[in-house]
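Participant: Under numbering that gives the first Met the number 0, think of the first position of the sequence shown as 0, with each following residue one higher.
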Amino acid sequence: MGPADNLRPQLINLYKCKNILIQDLTLQRPAFWTIHPLLCENITVKGLTIHTEGAPNGDGCDPESCKNVLIEDCFFDTGDDCIAIKSGRNNDGRKWNIPSENIIVRNCRMQNGHGGVVIGSEISGGYRNLFVENCEMDSPSLDRVIRIKTNNCRGGVIENIYVRNVNVGQCREAVLLIDLVYEPNEKCTRDFPPFVKNVYLDNVKCKQSRYGVFIAGFKDQTNVSNINLMNCEWTGVKEGNRIDGLVEGLKFT
0 MGPADNLRPQ LINLYKCKNI LIQDLTLQRP AFWTIHPLLC ENITVKGLTI
50 HTEGAPNGDG CDPESCKNVL IEDCFFDTGD DCIAIKSGRN NDGRKWNIPS
100 ENIIVRNCRM QNGHGGVVIG SEISGGYRNL FVENCEMDSP SLDRVIRIKT
150 NNCRGGVIEN IYVRNVNVGQ CREAVLLIDL VYEPNEKCTR DFPPFVKNVY
200 LDNVKCKQSR YGVFIAGFKD QTNVSNINLM NCEWTGVKEG NRIDGLVEGL
250 KFT
């Protein structure tokens, strides 16, 4: 590898570590992702201010194949996803087959970014048990609130997503985006359809967005199931909800 390969390092990269505390820092202008714990356990990320707007792929915090993670009291202003949960890309993720699991995001503020709390797209090892609560998000340059992005190159099962008490001033695209056809032009073997199930949003309020729920699924198989929206108040939704593809069990109460 050389300069022409354009490989950029993460600002903080932790590999196979346990019992981590990252607290009370201001991090800005990373060359790539800001914080990237890989194959780690028992992580607390607390009281951080992260500014990466203008940085390509400038994610805020990306736990990958990690277990037992708490992200709280942080502020994100990013050039990509604020928080992006991962578990390996394509064959690399399937080789290790280690999901991310048990991640709590609470009392955080998100400003600019492609998504507030995101799962994917490198999620081939799967993901389970996300809890998001008491967060605030607001920016015309925040694209989505909760975003799940994957495709049939990745595979994996994404399940048990719980979101409650989130206040959003505005976002550009959707409050909830589930995208199973992310990066359709990616060159890969497309024999690994992903599954998304058991998603719950409770008391999520948004004052302005293009869509409420946007689901881009498959047209020939039902890979999205049990999606529940409860006590949500979305005003200023320009184009309602958009459902492309097959979904089983989409409920609004």
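Cβ atoms here follow ideal geometry from the backbone N, Cα and C, with glycine treated the same way.
Measuring only the C-alpha atoms, how far is residue 84 from residue 115?
Facilitator: Residue 84 sits at position 85 when you count from the first residue of the sequence shown. Residue 115 sits at position 116 when you count from the first residue of the sequence shown. Distance between the alpha carbons of residue 84 and residue 115 is about 11 Å.
Participant: Among the residues of its own chain, which have a CB less than 6 Å from the CB of residue 46, if the five just before and after it don't count?
Facilitator: Start at 1 with the first residue of the sequence shown, and residue 46 comes out as number 47. Contacts found: 22, 23 and 72.
Participant: Leaving out the 5 sequence neighbours to the left and right, which residues in its chain are closer than 6 Å to residue 92 when beta-carbon positions are compared?
Facilitator: The residue you call residue 92 lines up with position 93 of the sequence shown. Taken in chain order, the residues that qualify are 86, 123 and 124.
Participant: Taking the runs of the alpha helix (DSSP H) that are 4 residues or longer, which of them lie wholly in the segment 151 to 181?
Facilitator: Correct list: empty.
Participant: Output needed for residue 199: all residues of its chain with C-beta closer than 6 Å, excluding positions within five of it in sequence on either side, in chain order.
Facilitator: Counting from 1 along the sequence shown, the entry for residue 199 is found at position 200. Here the set comprises 161 and 227.
Participant: Residue range of the alpha helix (DSSP H) that residue 93 falls in?
Facilitator: Locating residue 93 in the sequence shown gives position 94, where the first residue counts as 1. Looking at the DSSP string, the run of the alpha helix (DSSP H) that includes residue 93 is 90 to 95.
Participant: Tell me, please, whether the CB atom of residue 166 is closer than 8 Å to any CB atom in chain B?
Facilitator: Looking at the structure shown, chain B is missing, and only one protein chain is on hand.
Participant: Go through the segment 60 to 84 residue by residue and report every complete run of the beta strand (DSSP E) that reaches 3 residues or more, in order.
Facilitator: Taking only runs of at least 3 residues, the beta strand (DSSP E) segments lying wholly in the segment 60 to 84 are 66 to 71, 74 to 76 and 80 to 84.
Participant: Taking Cβ to Cβ, would you say residue 223 is nearer than 8 Å to residue 195?
Facilitator: Position 224 of the sequence shown holds residue 223. Position 196 of the sequence shown holds residue 195. Contact flag set, yes.
Participant: Which residues in the same chain as residue 201 place their Cβ atom closer than 6 Å to its Cβ, once the five residues preceding and following it in sequence are excluded?
Facilitator: By one-based count along the sequence shown, residue 201 stands at place 202. Here the set comprises 163, 229 and 230.
Participant: List the whole-angstrom C-beta distance separating residue 217 from residue 192, where the pair is believed to meet the contact cut-off of C-beta under 8 Å.
Facilitator: Counted from its first residue, the sequence shown places residue 217 at position 218. Counted from its first residue, the sequence shown places residue 192 at position 193. Indeed, because the Cβ distance is near 7 Å, the residues count as touching under 8 Å.
Participant: Name the residue from 98, 55 and 61 whose alpha carbon lies nearest to the alpha carbon of residue 12.
Facilitator: What you label residue 12 is simply residue 13 of the sequence shown in a count that begins at 1. Taking only the C-alpha atoms, the option nearest residue 12 is 61.
Participant: What's the C-alpha gap between residue 74 and residue 63?
Facilitator: If you number the sequence shown from 1, residue 74 lands on position 75. If you number the sequence shown from 1, residue 63 lands on position 64. Roughly 20 Å separates the two Cα atoms.
Participant: If distances are taken between C-alpha atoms only, which option among 16, 53 and 37 comes closest to residue 30?
Facilitator: Counting from one through the sequence shown, the residue named residue 30 turns up at place 31. The residue with the shortest Cα to Cα distance from residue 30 is 53.
Participant: Using a 10 Å radius around the Cβ and a threshold of 16 neighbouring Cβ atoms, would you call residue 14 buried or exposed?
Facilitator: In the sequence shown, counting from the first residue as 1, residue 14 sits at position 15. The residue is exposed, with fewer than 16 neighbouring Cβ atoms inside 10 Å.
Participant: What residue range is occupied by the uninterrupted beta strand (DSSP E) comprising residue 194?
Facilitator: Within the sequence shown, numbered from 1, the residue matching residue 194 stands at position 195. Residue 194 -> beta strand (DSSP E) spans 194 to 205.
Participant: Helix, strand or coil for residue 36 per DSSP?
Facilitator: The residue given as residue 36 occupies position 37 in the sequence shown. The answer is strand: DSSP assigns residue 36 an E or B state.
Participant: For residue 172 and residue 237, what's the separation of their Cα atoms in angstroms?
Facilitator: By 1-based counting over the sequence shown, the position of residue 172 is 173. By 1-based counting over the sequence shown, the position of residue 237 is 238. Going from the Cα of residue 172 to the Cα of residue 237 covers about 10 Å.
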